[in-house]
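Engineer: Quick mapping for you: the protein sequence lines, in order, are chains A and B. My numbering numbers the first residue of the first sequence as 15 and each following residue consecutively. My numbering numbers the first residue of the second sequence as 5 and each following residue consecutively. By construction, the Cβ of each residue, glycine as well, lies at the ideal position given by its N, Cα and C atoms. Let me give you the structure first, and then I'll get to my questions.
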Amino acid sequence: MTLTKSAHSRRQLFRKLKSDVMVGLTVLATALALVPLFLVLGYLVSKGATSVNWSFFTRMPAPVGQSGGGMANAIVGTFELVGLACALGVPIGVAAGIYLAENRGGALAQAIRFSADVMMGVPSIVVGIFCYATVVRPFGGFSTLAGAIALAVIMVPLVTRTAEEMILLVPHELREAALALGVPRWRTSLLIVARTAASGIATGVILAIARVAGETAPLLFTAFGNRFWSTSLLQPISSLTMQVYTYAISPFADWQRQAWAGALVLTAIVLALEIGVRWLTRGDAQVAR
Amino acid sequence: MADNKMSTRDLRAFFHKVEALHGVTLGFAGNRVTAIIGPSGCGKSTLVRCLNRMHEVVPGAACTGQVLLDGEDIYAPAIDPVQVRRRVGMVFQKPTPFPTMSIEDNVAAGLKLNGIAVSRAERDRMVEESLRRAALWDEVKDRLKRPGASLSGGQQQRLCVARALAVEPEVLLMDEPCSALDPISTARIEELLLELKENFTIIIVTHNMQQAARCSDFTAFLYAGDLIEFGETKQIFTTPARRETEDYITGRFG
Ligand SMILES: Nc1ncnc2c1ncn2[C@@H]1O[C@H](COP(=O)(O)OP(=O)(O)O)[C@@H](O)[C@H]1O
Ligand SMILES: [Mg+2]
């Protein structure tokens, strides 16, 4: 009896030891994964924070050789490009997502789902070249519109797939309840099913925004960049990413400092969007059920 | 059979070519409660879902035969299923208030979702009347703006009844409306049935024999997709004609 008991407790000790080692390893792995993140953020702040000031947000880029100036046009440009991309891409993405969720097994749905998945894997520079060939060349040059189209092309598959996933989470019973009230199918899909999934779809849209706000390559081929205010959608426009790129590869210390500031501001915008999503979906578990 | 509000003739229902109802011919008297009983999987839900064309919503589902509403076949080519569903309302097993809507919006959902514009006063009147009919008004009249999902299960189910009644159907189908409810809520729904039959024709699926005996006028016993016996509830429960019916109601199987 005592023998088996001590064997038993030894085994338990061993188990506890094994468990502790495993927990320790996972904590270590998590820390390793987080270290680069905090290094990047810390480095960005240390390099960029000193150059983020009022004139950074309000001034235009200064000509070479002059110090000072800011990225006002690039900041506005980023918002303009992303806003326009949303206006173009979100309705298409949401509509396609609804279609996919409503016609899950259909041949067309399968084809759309497959191409959306493929498009998500296409490098963004390829999207830029594609839009250069299909929009910029035929329609007379670099423009805000071309840039927004390129970003929209990147957004659509992301929004489509999240919208589909979110709609599929809506309980089947809700759809039936609406249909049984004599509500036509299209109204049911839109006003009950998509509406119930709205906060999830909004999350997907914001994540897609965060993704395209950081894009550079597709914009270089389409929106091109602009040292001045862009006064029409048919003119080239600047963005934070393109401005950071231009300044970062320049030989001027002042520009390089501003590139760090631009990178910091861009990261702050994206971070704010992600935190916004967290906040929007806090306690959303019961909706998904 | 002359004063039947609804009836089926040789109704067969399929799921992907598998026949789940093998030719059911049955009449539902107007302003009466008809109970459909039978063991799980015998086709009760399938039968009632054929009565408001909800069966065909399931992918791969189909049916043949006739379903008459006031003598008119609801499966005739010219008939719009959406219109049928407005005349034949339905309450499901699980309460399904719309999660994005308040209590009053849930009740008015039939109007709102169909884009039917009514004055504020008219809408309020309709919401109140439907909630009163569903015996829920007194419990929710002070919190009509709260989410429908904030109610208890039994209240949610009565909210679903109110929502179905607000469309002013002629027939109300209830598919095991009490199986997710506690005994007190169940009793309330049963009381409700007796009031509702003044104005509506009610068809209720139940696996609770006492419930069928207590609140229905007619009872249909279904077994493995066949209608075994149909008659006045009293007769079915006291002197069933068929051996299977007797076995089922005395609890010998199912
Ligand atoms: N969506 C479905 N797909 C395939 N078969 C189904 C489906 N729904 C029900 N069935 C089948 O139809 C028969 C009747 O089911 P149902 O009408 O739900 O029974 P009940 O409501 O009496 O429990 C069962 O054999 C069941 O397996
Ligand atoms: Mg059932």
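Between the segment 201-232 of chain A and chain C, which residues of the former have CB atoms less than 9 Å from a CB of the latter, in chain order?
Structural biologist: Among the protein chains of the structure shown, namely A and B, there is no chain C.
Engineer: To be precise: take each residue of the segment 49-69 of chain B, compare its Cβ to all Cβ atoms of chain A, and keep it if any distance is under 7 Å. Which residues remain?
Structural biologist: Listed by position along the chain: Asn56, Met58, Val61.
Engineer: Classify lysine 48 of chain B: buried if its beta carbon has 16 or more other beta carbons within 10 angstroms, exposed otherwise.
Structural biologist: Its Cβ being crowded by 16 or more others within 10 Å, lysine 48 of chain B is buried.
Engineer: So, at 6 Å on beta carbons, what are the nonlocal neighbours of glutamine 160 of chain B in its own chain, with the 5 sequence-adjacent residues on each side left out?
Structural biologist: Pro99, Pro101, listed in sequence order.
Engineer: Counting only Cβ-Cβ distances shorter than 7 Å, please list the residues of the segment 22-47 of chain A near chain B, keeping chain order.
Structural biologist: So nothing in the stretch comes that close.
Engineer: Going by alpha carbons, who is nearest to isoleucine 223 of chain A out of A:Arg29, A:Leu98, A:Pro50, A:Ser81?
Structural biologist: Here the closest residue by C-alpha is A:Leu98.
Engineer: For the alpha helix (DSSP H) holding cysteine 219 of chain B, just list the boundary residues, first then last.
Structural biologist: Its alpha helix (DSSP H) spans residues 213-219.
Engineer: What would DSSP say about asparagine 110 of chain B, mapped onto helix, strand or coil?
Structural biologist: Here asparagine 110 of chain B sits in helix by DSSP.
Engineer: Give the DSSP bridge partners of methionine 130 of chain B, in chain order.
Structural biologist: Bridge partners of methionine 130 of chain B: none, in fact.
Engineer: Nearest CA to the CA of leucine 165 of chain A: which residue from A:Gly38, A:Ala237, A:Gly196?
Structural biologist: It is A:Ala237.
Engineer: From the beta carbon of valine 86 of chain B, is the nearest beta carbon of chain A less than 8 Å away?
Structural biologist: Yes, because at least one Cβ of chain A sits closer than 8 Å to the Cβ of valine 86 of chain B.
Engineer: Applying the criterion that 16 or more other CB atoms from any shown protein chain within 10 Å of the CB defines a buried residue, is methionine 94 of chain B buried or exposed?
Structural biologist: Its Cβ being crowded by 16 or more others within 10 Å, methionine 94 of chain B is buried.
Engineer: Do you know how far the Cα of histidine 59 of chain B is from the Cα of glutamine 257 of chain A?
Structural biologist: So the two alpha carbons sit approximately 59 Å from each other.
Engineer: Between which two residues does the beta strand (DSSP E) carrying aspartate 230 of chain B extend?
Structural biologist: Note, aspartate 230 of chain B: beta strand (DSSP E), 230-236.
Engineer: When burial is assigned at 16 or more other CB atoms within 10 Å of the CB, is proline 134 of chain A buried or exposed?
Structural biologist: The amino acid at residue 134 of chain A is misidentified as proline; the sequence shows methionine. Label assigned to methionine 134 of chain A: exposed.
Engineer: Just confirm the distance between the C-beta atoms of threonine 12 of chain B and threonine 38 of chain B, as a whole number of angstroms; I'd bet it's less than 8 Å.
Structural biologist: Not really, about 12 Å apart at Cβ, beyond 8 Å.
Engineer: Are there any heavy atoms of ligand 1 lying less than 7 Å away from the beta-carbon of phenylalanine 19 of chain B, as far as the coordinates show?
Structural biologist: Yes, Cβ of phenylalanine 19 of chain B sits closer than 7 Å to a heavy atom of ligand 1.
Engineer: Please compile the residues from chain A whose C-beta is within a distance smaller than 8 Å of the C-beta of leucine 117 of chain B.
Structural biologist: Under the 8 Å cutoff, chain A gives Ala192, Leu195, Val197, Arg201, Thr202, Leu205, Ile206.
Engineer: Distance cutoff 8 Å, beta carbons only. Does threonine 210 of chain B sit that close to anything in chain A?
Structural biologist: No, threonine 210 of chain B lies away from the interface with chain A (no Cβ there is under 8 Å from its Cβ).
Engineer: Once you ignore the five residues that flank isoleucine 143 of chain A on each side, which residues in its own chain have a CB closer than 7 Å to its CB?
Structural biologist: Closer than 7 Å at the Cβ level, and outside the excluded window around isoleucine 143 of chain A, lie Phe235.
Engineer: At 7 Å on the CB atoms, spell out the chain B contacts of glutamate 187 of chain A, in chain order.
Structural biologist: Simply Phe96, Lys98, Thr100.
Engineer: Does DSSP put valine 37 of chain B in a helix, a strand or coil?
Structural biologist: Here valine 37 of chain B sits in strand by DSSP.
Engineer: Name the chain A residues whose beta carbon is nearer than 8 Å to that of glycine 114 of chain B?
Structural biologist: Near glycine 114 of chain B (Cβ distances below 8 Å), the residues of chain A are Leu195, Gly196, Val197.
Engineer: Measuring CB atoms only, is the segment 126-144 of chain B touching the segment 152-169 of chain B, in the sense that at least three cross pairs come out at less than 8 Å?
Structural biologist: Yes, the segment 126-144 of chain B is in contact with the segment 152-169 of chain B.
Engineer: Which value, in whole angstroms, describes the spacing of the CA atoms of glutamate 126 of chain B and aspartate 109 of chain B?
Structural biologist: Spanning the two alpha carbons is a distance of roughly 14 Å.
Engineer: Grouping DSSP H, G and I as helix and E and B as strand, with all else coil, what is methionine 36 of chain A?
Structural biologist: Helix, per DSSP.
Engineer: Confirm, please, whether the CB-CB distance from arginine 90 of chain B to lysine 201 of chain B is below 8 Å.
Structural biologist: Not a contact, by the Cβ cut-off of 8 Å.
Engineer: Any idea if alanine 121 of chain A is buried or exposed, counting beta-carbon neighbours within 10 angstroms, 16 or more meaning buried?
Structural biologist: The residue is exposed, with fewer than 16 neighbouring Cβ atoms inside 10 Å.
Engineer: For glutamate 190 of chain A, is the beta carbon positioned less than 7 Å from some heavy atom of ligand 2?
Structural biologist: False, no ligand heavy atom lies under 7 Å from that Cβ.
Engineer: For threonine 148 of chain A, does the three-state DSSP call read helix, strand or coil?
Structural biologist: Helix, per DSSP.
Engineer: Threshold first: 3 residues or longer. Then list the beta strand (DSSP E) segments lying entirely within the segment 145-215 of chain A, N to C.
Structural biologist: As far as the segment 145-215 of chain A is concerned, it has no whole beta strand (DSSP E) run of at least 3 residues.
Engineer: Can you check whether the C-beta of valine 131 of chain B is within less than 8 Å of a C-beta belonging to chain A?
Structural biologist: Judged by the 8 Å Cβ criterion, valine 131 of chain B is not in contact with chain A.
Engineer: Please find out if some non-hydrogen atom of ligand 1 comes closer than 7 Å to the beta-carbon of glycine 42 of chain B.
Structural biologist: Flag set: Cβ of glycine 42 of chain B near ligand 1.
Engineer: Taking the C-alpha atoms as reference points, what is the distance between leucine 95 of chain A and alanine 231 of chain A?
Structural biologist: Looking at the two C-alpha atoms, the distance is approximately 14 Å.
Engineer: Are the beta-carbon atoms of glycine 107 of chain A and alanine 177 of chain A separated by less than 8 Å?
Structural biologist: Contact: yes.
Engineer: Should alanine 302 of chain A be flagged as near chain B, meaning a C-beta pair shorter than 8 Å?
Structural biologist: Residue placement at alanine 302 of chain A is poorly supported in this model, since its pLDDT is 37, which falls under 50; the coordinates still yield a value, given next. No, alanine 302 of chain A does not count as interfacial toward chain B.
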